[in-house]
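K.L.:
Residue 243 in numbering that gives the first Met the number 0 sits at position 244 of the first sequence, and the numbers go up by one each step. Yeah, the Cβ is synthetic: ideal placement off N, Cα and C, and Gly gets one too. Predicted, not measured: the structure shown is a model, and the values here were computed from it. This structure is in structure tokens; I'll ask about it shortly.
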Amino acid sequence: MPIHNADIIAIFEEIADLLEIQGANPFRIRAYHNAALTFSRLSEEASLLVKNGVNLTKLPGIGEDLAGKIREIISTGHCALLDRLHKEVPPAVTELLKIPGLGPKRVKAVYHELDVQTVEQLYRAARDKRIRTLPGFGEKMEHNILRAIEIHSSQTRRYKLVMASQYAESLQTYLAKIPGVAQVTVAGSFRRMRETVGDLDILVSAKPKSAVIHQFIIYDEVNKVLSSGPTRASVILKCGIQTDLRVVAPDEYGSALLYFTGSKAHNIAIRRIAQKMGLKINEYGIFRGKVRIAGITEESIYQAIGLPYIPPELRENHGEIEMARAGKLPKLVELDDLCGDLHAHTRATDGHNTLREMANAAKSCGLKYLAITEHSKKLAMVHGLDPSHLLKQCDEIDQLNTELQGIVLLKGIEVDILENGDLDLPDAVLSQLDIVVGAIHSKFDLSRSKQTSRILHAMEHPYFTLLAHPTGRLIGKREPYDVDMLRIIHMAREYQCFLELNAHPDRLDLLDTYCQMAKDEGVLICINSDAHSTFDFANLRFGVGQARRGWLEKQNVLNTRSLTELRPLIQKNQ
DNA sequence: GCCGTTTTCGGCCCGACTGTTTTCAGTCG
Numbered sequence: 000m001p002i003h004n005a006d007i008i009a010i011f012e013e014i015a016d017l018l019e020i021q022g023a024n025p026f027r028i029r030a031y032h033n034a035a036l037t038f039s040r041l042s043e044e045a046s047l048l049v050k051n052g053v054n055l056t057k058l059p060g061i062g063e064d065l066a067g068k069i070r071e072i073i074s075t076g077h078c079a080l081l082d083r084l085h086k087e088v089p090p091a092v093t094e095l096l097k098i099p100g101l102g103p104k105r106v107k108a109v110y111h112e113l114d115v116q117t118v119e120q121l122y123r124a125a126r127d128k129r130i131r132t133l134p135g136f137g138e139k140m141e142h143n144i145l146r147a148i149e150i151h152s153s154q155t156r157r158y159k160l161v162m163a164s165q166y167a168e169s170l171q172t173y174l175a176k177i178p179g180v181a182q183v184t185v186a187g188s189f190r191r192m193r194e195t196v197g198d199l200d201i202l203v204s205a206k207p208k209s210a211v212i213h214q215f216i217i218y219d220e221v222n223k224v225l226s227s228g229p230t231r232a233s234v235i236l237k238c239g240i241q242t243d244l245r246v247v248a249p250d251e252y253g254s255a256l257l258y259f260t261g262s263k264a265h266n267i268a269i270r271r272i273a274q275k276m277g278l279k280i281n282e283y284g285i286f287r288g289k290v291r292i293a294g295i296t297e298e299s300i301y302q303a304i305g306l307p308y309i310p311p312e313l314r315e316n317h318g319e320i321e322m323a324r325a326g327k328l329p330k331l332v333e334l335d336d337l338c339g340d341l342h343a344h345t346r347a348t349d350g351h352n353t354l355r356e357m358a359n360a361a362k363s364c365g366l367k368y369l370a371i372t373e374h375s376k377k378l379a380m381v382h383g384l385d386p387s388h389l390l391k392q393c394d395e396i397d398q399l400n401t402e403l404q405g406i407v408l409l410k411g412i413e414v415d416i417l418e419n420g421d422l423d424l425p426d427a428v429l430s431q432l433d434i435v436v437g438a439i440h441s442k443f444d445l446s447r448s449k450q451t452s453r454i455l456h457a458m459e460h461p462y463f464t465l466l467a468h469p470t471g472r473l474i475g476k477r478e479p480y481d482v483d484m485l486r487i488i489h490m491a492r493e494y495q496c497f498l499e500l501n502a503h504p505d506r507l508d509l510l511d512t513y514c515q516m517a518k519d520e521g522v523l524i525c526i527n528s529d530a531h532s533t534f535d536f537a538n539l540r541f542g543v544g545q546a547r548r549g550w551l552e553k554q555n556v557l558n559t560r561s562l563t564e565l566r567p568l569i570q571k572n573q
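Here you go:
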């Protein structure tokens, strides 16, 4: 069986969990987590690297020992260390680590003293008042464990960015109105524009002794207060999302914002740099001995360790620090850079608005052009257009363009890519359009090789311009289909076509890592709304966030071009 | 288990909150 990077990641994560329960050296545990992280970001398959004789110790966080284990896993499918750990600790016990409040020490205690191996057994032990008998545990903790299990089993989900933003922004407005509050920022993975967020991290600067913590825990949307101290509080909102608030003095805001934005890996990396310079970074500032040398702004902290400001979307310790040091940070694309949108629907298929309404909505978002790209006939469920209906819409667009001012509609189609890779409309029709967007809407479960060939065959088509939602994933609902995205990116360059970054909050497809690969290959990405109503253009900001996480600059994004610059790029074989 | 402009050994980010115990360990972010 071929070993994929995901298999190696799973083995290393499990080893880390099991070692943690055994009370192993925390730095040894971190080494396994770091190695897993390295592989989660690696564009090449480790098995291929080994086959090609690449020295794995060149990878970050991989030394002689782990390189050996990787070779062992690739050649045998097993890791002797993990097999041994399984004999010592039942694998199911690692599940207990996912209960908030239970770390390795307490898991070890309930496992050894009470023979608790599963969440169900833990729940029973707590309910039967056996947990409180353990040394270091008490009645309160037993109660907290019961509550944590109930919350854990009812909601372990992550929230899509668009949902989180609705709760975050109204809470932000509420906090900003509290007397004494100077600044409020929603930090954490929300500020880094992760596609989903697990909780909300909110930072406030306020005068000493302001009532902000009290006002926070009595906020109307709060369901339960988890903890509350003078500078920090945690609550669960009624919608289920955990929200943490941290209050700092105004002159500590920058250092606190840096700390609270993360990622954890980025924070550790910059703190290590500071440490090597004889400095110390914490959420209150950057210090030489006891002397505070900066901290009012994030910029001042970066500057103190010799780095330029690093935008939150890049803070994943994914090479941004090295690039910052070399003065090679990208100037990330911004929402205002977008000149148009090349993927939208109207009432003619499954959209909600007319051509004119969509054009005006796009214009009011500052766009100069909008491609109307209805579904094609194969998608009968949404009344996909056949040639005659499509050509009729083209006439309507031509007519409307003579009336519209400040925006131009482009004639397009979101043509279905059939199972064999053919397009769902004849060339004679496609040739009359400004842009042909292709997409997969069926047969998601083809094998990797068939799915890849299907897409490549479509892209090879002379009129094909843009591959929409390239992996087909729906966040939290549908896994991406199995394709060789590296090959697709490579061939996109060959066939001179483009890949979409679909800004719909359910999709955000391409993934950030693929954006980076496309950028490296010189393939332009198009950030599209896939709007089905006039409201959907607002989603472009999430697409831009994802693009920024993928290190994209203005020049890497197709629809930052003016219409004059765009036309020759999207018109094929004419 | 990794790593090196102080290093091949001895470090490895740092602080808040809780619950338990009574000065601190465990957990979390």
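#1: DSSP puts residue 343 in a beta bridge; with which residues?
#2: Run the CB neighbour count on residue 274, radius 10 Å, all protein chains shown included, and call it buried at 16 or more, exposed below.
#3: Check each candidate in 206, 306, 184, 103 and name the one with the smallest Cα separation from residue 242.
#4: Give me the Cβ distance between residue 341 and residue 434, rounded to the nearest whole Å; I'm assuming they're in contact under 8 Å.
#5: Do residue 38 and residue 73 count as a contact pair if the criterion is CB distance below 7 Å?
#6: In whole angstroms, what is the alpha-carbon distance linking residue 317 and residue 65?
#7: Below 8 Å CB to CB, which residues in the same chain sit around residue 161 once its five sequence neighbours on both sides are set aside?
#8: Which term fits residue 499, buried or exposed, when burial requires 16 or more other beta carbons within 10 angstroms of its beta carbon?
#9: Taking only three categories from DSSP, how would you classify residue 431?
#10: My guess is that residue 511 and residue 501 are in contact by the Cβ rule of under 8 Å, so how many angstroms apart are they, rounded?
#11: Report the residue from 78, 144, 86, 84 whose alpha carbon sits nearest the alpha carbon of residue 106.
#12: Where does residue 312 fall in DSSP's three states?
#13: Applying the criterion that 16 or more other CB atoms from any shown protein chain within 10 Å of the CB defines a buried residue, is residue 463 buried or exposed?
#14: So what does DSSP say about residue 253, is it helix, strand or coil?
#15: Taking contact to mean 3 or more Cβ pairs, one atom from each stretch, closer than 8 Å, check whether the segment 542 to 562 and the segment 174 to 181 are in contact.
#16: Around the Cβ of residue 191, are there at least 16 other Cβ atoms within 10 angstroms (buried) or fewer (exposed)?
#17: Short of 7 Å in beta carbon distance, which residues of its chain neighbour residue 216, apart from the five on each side in sequence? Order them along the chain.
#18: From which residue to which residue does the beta strand (DSSP E) around residue 241 run?
#19: Would you say residue 294 and residue 285 are within 7 Å of each other, going by their C-beta atoms?
#20: What residues are listed by DSSP as bridge partners for residue 284?
#21: Return the chain-ordered list of same chain residues with a C-beta closer than 8 Å to the C-beta of residue 55, the five sequence neighbours on each side being excluded.
#22: Quick check: the segment 276 to 285 against the segment 331 to 350, are at least 3 beta-carbon pairs closer than 8 Å?
#23: Under three-state DSSP, which class holds residue 572?
#24: If you draw a straight line from the C-alpha of residue 94 to the C-alpha of residue 395, how long is it?
#25: Return the Cβ separation of residue 163 and residue 199 in integer angstroms, given the expectation that the two are a contact with Cβ distance under 8 Å.
#26: Where does the unbroken beta strand (DSSP E) through residue 477 begin, and where does it stop?
#27: Between residue 139 and the rest of its own chain, which residues show a CB-CB distance below 8 Å, the 5 nearest in sequence each way excluded?
#28: Rounded to whole angstroms, what is the Cα-Cα separation between residue 572 and residue 384?
#29: If you follow the alpha helix (DSSP H) that residue 15 is part of, which residue opens it and which one closes it?
#30: Does the beta-carbon of residue 202 have 16 or more other beta-carbons within 10 angstroms, so that it is buried, or is it exposed?
#31: So, does the segment 441 to 460 touch the segment 114 to 124, judging by three or more C-beta pairs under 8 Å?
#32: Tell me which same chain residues have a C-beta within less than 6 Å of the C-beta of residue 35, skipping the five on either side of it?
#33: Identify every run of the alpha helix (DSSP H) within the segment 115 to 201, keeping only runs that are complete inside it and at least 4 residues long; order them along the chain.
#34: Among all the DSSP beta bridges, which residues are the ones paired with residue 226?
#35: Let's test the definition: count the other Cβ atoms within 10 Å of the Cβ of residue 567 and tell me whether it reaches 16, buried, or not, exposed.
P.N.:
Judging by the given coordinates:
#1: Per DSSP, the beta bridge partners of residue 343 are 530.
#2: By the Cβ-count criterion, residue 274 is exposed, with fewer than 16 other Cβ atoms from all chains shown falling within 10 Å of its own Cβ.
#3: Per the Cα distances, 184.
#4: Confirmed, Cβ separation roughly 6 Å.
#5: Taking 7 Å as the Cβ cut-off, residue 73 and residue 38 do not qualify as a contacting pair.
#6: Between residue 317 and residue 65, the C-alpha separation is close to 20 Å.
#7: Closer than 8 Å at Cβ, skipping near neighbours: 504, 538, 541.
#8: Its Cβ being crowded by 16 or more others within 10 Å, residue 499 is buried.
#9: In the three-state reduction of the DSSP assignment, residue 431 falls in the coil class.
#10: Residue 501 and residue 511 do not touch by the CB rule: their CB atoms are close to 13 Å apart, not below 8 Å.
#11: For the residues 78, 144, 86, 84, the minimum Cα distance to residue 106 belongs to 144.
#12: Looking at residue 312 - three-state DSSP - the assignment turns out to be helix.
#13: The residue in question, residue 463, is buried, as its Cβ has 16 or more Cβ neighbours within 10 Å.
#14: In the structure shown, residue 253 sits in a helix (DSSP, three-state: H, G or I).
#15: They do not touch, by the three-pair rule.
#16: So residue 191 ends up on the buried side.
#17: Hits under 7 Å: 224, 227, 232, 234.
#18: Note, residue 241: beta strand (DSSP E), 241 to 247.
#19: Yes, these two residues count as a Cβ contact at 7 Å.
#20: BP columns for residue 284 point to 281.
#21: Leaving aside the five residues that flank residue 55 on each side, the residues in its chain whose CB is nearer than 8 Å to its CB run, in chain order, 45, 48, 49, 61, 65, 66, 69, 70.
#22: Output reads no: the segment 276 to 285 does not touch the segment 331 to 350.
#23: Residue confidence is low: residue 572 scores 49 on pLDDT, short of 50, so the model does not pin down where it sits. Its coordinate-derived value is still stated next. Correct three-state label for residue 572: coil.
#24: Each residue's Cα considered, the two are about 59 Å apart.
#25: Right, the Cβ-Cβ distance comes to about 6 Å (below 8 Å), so this counts as a contact.
#26: Annotation: residue 477 is outside any beta strand (DSSP E) and is labelled neither H nor E by DSSP.
#27: Here the set comprises nothing.
#28: For residue 572, the pLDDT reaches just 49, beneath the cut-off of 50, and the residue's location in the model is therefore unreliable, leaving the point undetermined.
#29: First-last of the alpha helix (DSSP H) with residue 15: 4 to 20.
#30: Under this definition residue 202 is a buried residue.
#31: Counting Cβ pairs under 8 Å, fewer than three are found: no touch.
#32: Within the same chain, residue 35 has close Cβ partners 8, 11, 12.
#33: Within the segment 115 to 201, the runs of alpha helix (DSSP H) at least 4 residues long that lie entirely inside it are, in chain order, 118 to 126, 138 to 153, 160 to 175, 187 to 190.
#34: Residue 226 pairs with 233.
#35: Residue 567 counts as exposed, since fewer than 16 other C-beta atoms from the protein chains shown sit within 10 angstroms of its C-beta.
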